[in-house]
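Protein chains in written order, with our numbering: chain A, 171 to 643; chain B, 40 to 215. The structure under discussion appears below in the form of structure tokens.
Now the structure itself:
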């Protein structure tokens with residue numbers, strides 16, 4: 171490319187020379203003085219031109235010799251030019267494009283490491299951590315307008331786009347979508363911004379991400395330019411912390427999809443999905459009523475975001491307690507793990523008819539969840555067992571639990587503990603709920619009225635379809 | 040840097056323009072087509088100052104369009120390495136700032152912003168000295184030196200610096 175530009179410069183010089191000649195030959199009635207001035211200008215230009223092309227040629231040969239030495243500082247590239255010396259360089263193979271900061275920005279790995287260390291140190295000194303937030307089903311729920319046919323009535327309730335900061339249900343005709351913000355989200359962002367530097371990271375396209383950022387943060391207080399879309403990631407269908415300029419030990423992630431973060435599960439706080447529109451439920455294979463159909467939104471004071479902010483609060487204060495004592499070992503992933511481990515500490519779980527026969531139980535989501543929560547899982551009945559998690563009241567283990575006065579709960583209890591970040595009262599998850607077709611009565615009550623159905627299992631309408639949760643299916 | 044040069048272009052003209060005003064049409068179309076464009080070779084065409092000559096037209100087979108080779112004088116703008124330019128800041132972020140001088144986009148990295156200027160995020164992101172006397176934000180006017188150019192077929196991009204004597208803010212929008 172550098173060669174191109176010097177070529178171009180040479181060509182340009184030649185053209186100027188030609189132009190000069192043709193000028194002198196031409197016999198056009200132009201004021202003499204003007205002509206002279208012009209020629210002079212062109213001559214000046216020509217000398218400048220040859221100088222500059224010479225210097226270009228020089229730098230070229232120079233850089234070839236000392237490329238390795240001179241390149242030690244080359245870590246940041248804008249459109250392929252090193253931002254420190256202005257030299258054109260082939261892209262380093264081990265670099266990451268930071269398209270969300272600027273479409274043409276590329277950083278080499280060494281530069282990224284330096285920046286991470288520097289930025290993290292600066293942030294920690296302000297008593298802040300990084301927080302990555304997912305959009306869909308975590309902070310909000312969007313649906314294409316074309317799928318809103320059963321929910322026309324919602325359009326009458328849409329909030330004005332003039333004053334975005336007050337509303338929560340928006341119709342964006344230019345994007346062909348309707349968006350419902352999750353209850354509590356504004357308080358959540360406000361409180362989280364005091365403890366975290368926040369990023370948006372969504373699997374949506376860039377225009378969508380920016381539009382949503384605008385709804386969530388109309389005053390541009392929280393996210394600045396830190397909005398990352400699927401176009402900016404380094405791997406398809408995956409989210410990764412490699413495009414975040416912060417140390418992994420100081421990053422927390424709030425997302426509803428565990429599979430998107432395969433490499434960074436330790437940073438992830440898994441969120442219960444927010445389904446406001448019925449199309450969103452259908453998309454995940456649920457046949458139940460959505461929040462909009464039930465005309466009942468997630469509860470504000472104890473919805474998922476309220477839980478999340480209290481968990482974040484705890485993590486933040488624990489982290490900085492450790493950090494002040496011993497800065498080098500402070501790792502938010504450890505803090506997150508130990509907080510989670512405490513939830514079902516001391517519980518011994520035994521499962522009955524939860525897993526299909528011959529299923530490798532250790533890899534079943536419910537088993538993994540229980541272990542993450544600090545519970546001990548086993549397959550054998552012992553006196554030390556505290557809970558029997560069952561799908562059927564008639565099994566031997568279930569009857570044993572009743573006889574021995576152990577807690578007998580359905581698998582929804584484990585999930586409710588997981589998402590609620592505390593041990594849930596067991597009596598709300600008894601197996602009678604299963605008989606009336608409710609796996610997840612627990613979660614329903616937990617968040618007001620989840621898409622899983624009305625809360626009480628007594629007198630529940632057995633005709634109401636119940637979601638087959640992806641976890642228990 | 041600006042240059043006044045003669046360039047040539049083949050203009051295609053629809054037969055409906057053939058008549059007394061043919062030349063005028065040709066010139067109008069030329070201005071519309073050429074002014075504001077960029078070629079990697081000559082830089083940006085700022086304005087056409089005159090027509091040198093219009094050659095003989097050639098009828099294209101099949102379409103009826105006629106091609107005229109037109110020589111015209113124009114002012115072009117092409118930035119060079121080492122050149123000092125004045126530019127308007129368009130975007131500020133923690134990596135540095137972008138500025139433009141007419142059609143040319145430039146980037147000044149925070150490595151090449153004087154060390155006493157710190158990035159301040161917020162509503163209007165900016166670089167400010169510790170005493171607050173100098174501030175670079177959107178719409179500030181700066182004088183910078185080009186240290187590298189990338190010339191593409193339709194675009195020129197430059198890397199600049201303000202870490203040198205007599206470079207930096209020349210006009211602060213906040214103080215007007």
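Just so it is clear, CB atoms sit at the ideal spot from N, CA and C, and this is done for glycine as well. Quick caveat, the model's predicted, so the values are computed rather than measured.
For residue i versus residue j, is the C-beta distance shorter than 7 Å?
i: residue 338 of chain A; j: residue 351 of chain A; result: yes
i: residue 477 of chain A; j: residue 591 of chain A; result: yes
i: residue 204 of chain B; j: residue 79 of chain B; result: no
i: residue 596 of chain A; j: residue 577 of chain A; result: yes
i: residue 253 of chain A; j: residue 198 of chain B; result: yes
i: residue 367 of chain A; j: residue 293 of chain A; result: yes
i: residue 120 of chain B; j: residue 185 of chain B; result: yes
i: residue 312 of chain A; j: residue 372 of chain A; result: no
i: residue 409 of chain A; j: residue 431 of chain A; result: yes
i: residue 488 of chain A; j: residue 505 of chain A; result: yes
i: residue 468 of chain A; j: residue 388 of chain A; result: no
i: residue 521 of chain A; j: residue 559 of chain A; result: yes
i: residue 524 of chain A; j: residue 561 of chain A; result: yes
i: residue 128 of chain B; j: residue 160 of chain B; result: no
i: residue 355 of chain A; j: residue 309 of chain A; result: yes
Excluding five sequence neighbours on each side, which residues of the same chain lie with their C-beta closer than 7 Å to the C-beta of residue i?
i: residue 86 of chain B; result: 74, 113 and 114
i: residue 320 of chain A; result: 448
i: residue 135 of chain B; result: 146, 147, 148, 149 and 152
i: residue 91 of chain B; result: 45, 110, 111 and 112
i: residue 279 of chain A; result: 264 and 265
i: residue 328 of chain A; result: 339, 340 and 341
i: residue 463 of chain A; result: 448
i: residue 56 of chain B; result: 64
i: residue 77 of chain B; result: 83, 142, 193, 194 and 195
i: residue 541 of chain A; result: 547
Grab me the residues of residue i's own chain with a C-beta within less than 6 Å of its C-beta, minus the 5 sequence neighbours each way, in chain order.
i: residue 247 of chain A; result: 276
i: residue 358 of chain A; result: 475 and 479
i: residue 427 of chain A; result: none
i: residue 196 of chain B; result: 144 and 189
i: residue 182 of chain B; result: 125, 206 and 209
i: residue 300 of chain A; result: 367, 416, 420 and 421
i: residue 400 of chain A; result: 373
Just to confirm the assignment, what range does the beta strand (DSSP E) spanning residue i have?
i: residue 420 of chain A; result: No beta strand (DSSP E) contains residue 420 of chain A, which DSSP labels as neither H nor E.
i: residue 279 of chain A; result: No beta strand (DSSP E) holds residue 279 of chain A; the alpha helix (DSSP H) holding it covers 279–295.
i: residue 48 of chain B; result: 41–52
i: residue 184 of chain B; result: 180–190
i: residue 578 of chain A; result: 577–579
Which residues bound the alpha helix (DSSP H) around residue i?
i: residue 108 of chain B; result: Unbroken run through residue 108 of chain B is the beta strand (DSSP E), 105–116; no alpha helix (DSSP H).
i: residue 380 of chain A; result: 376–386
i: residue 270 of chain A; result: Note, residue 270 of chain A: premise wrong, no alpha helix (DSSP H); not H, not E.
i: residue 475 of chain A; result: 474–495
i: residue 451 of chain A; result: 448–453
i: residue 441 of chain A; result: It is not in any alpha helix (DSSP H) - residue 441 of chain A carries neither H nor E in the DSSP assignment.
i: residue 73 of chain B; result: 61–73
i: residue 357 of chain A; result: 355–363
i: residue 89 of chain B; result: No alpha helix (DSSP H) holds residue 89 of chain B; the beta strand (DSSP E) holding it covers 82–93.
i: residue 464 of chain A; result: 461–464
i: residue 506 of chain A; result: 502–511
i: residue 572 of chain A; result: 566–573
i: residue 589 of chain A; result: 582–590
i: residue 391 of chain A; result: Segment: none, residue 391 of chain A is in no alpha helix (DSSP H) and carries neither H nor E.
Going by the DSSP bridge assignment, what does residue i pair with across the sheet?
i: residue 349 of chain A; result: A:312 and A:340
i: residue 301 of chain A; result: A:368 and A:422
i: residue 166 of chain B; result: B:158 and B:175
i: residue 144 of chain B; result: B:139 and B:196
i: residue 333 of chain A; result: Looking at the DSSP assignment, residue 333 of chain A forms no beta bridge with any residue, so it has no partner.
i: residue 132 of chain B; result: B:135
i: residue 373 of chain A; result: In the DSSP output, where bridge partners are listed per residue, residue 373 of chain A has none listed.
i: residue 144 of chain A; result: Shown here, chain A extends from 171 to 643; a query on residue 144 of chain A therefore has no answer.
i: residue 252 of chain A; result: A:247
i: residue 210 of chain B; result: B:180
i: residue 97 of chain B; result: B:106
i: residue 275 of chain A; result: A:248
Looking only at its chain, what residues have a beta carbon closer than 8 Å to the beta carbon of residue i, apart from the 5 residues adjacent to it on each side?
i: residue 47 of chain B; result: 108, 109, 110 and 111
i: residue 67 of chain B; result: none
i: residue 404 of chain A; result: 266, 267, 410, 412 and 413
i: residue 286 of chain A; result: 415, 416 and 417
Is residue i close to chain E, meaning its C-beta is less than 7 Å from at least one C-beta of that chain?
i: residue 201 of chain B; result: Annotation note: the requested chain E is absent from the structure, which comprises protein chains A and B.
Uninterrupted beta strand (DSSP E) stretches inside the stretch 513–560 of chain A (no shorter than 3 residues): The qualifying runs are 518–522, 546–548 and 557–560.
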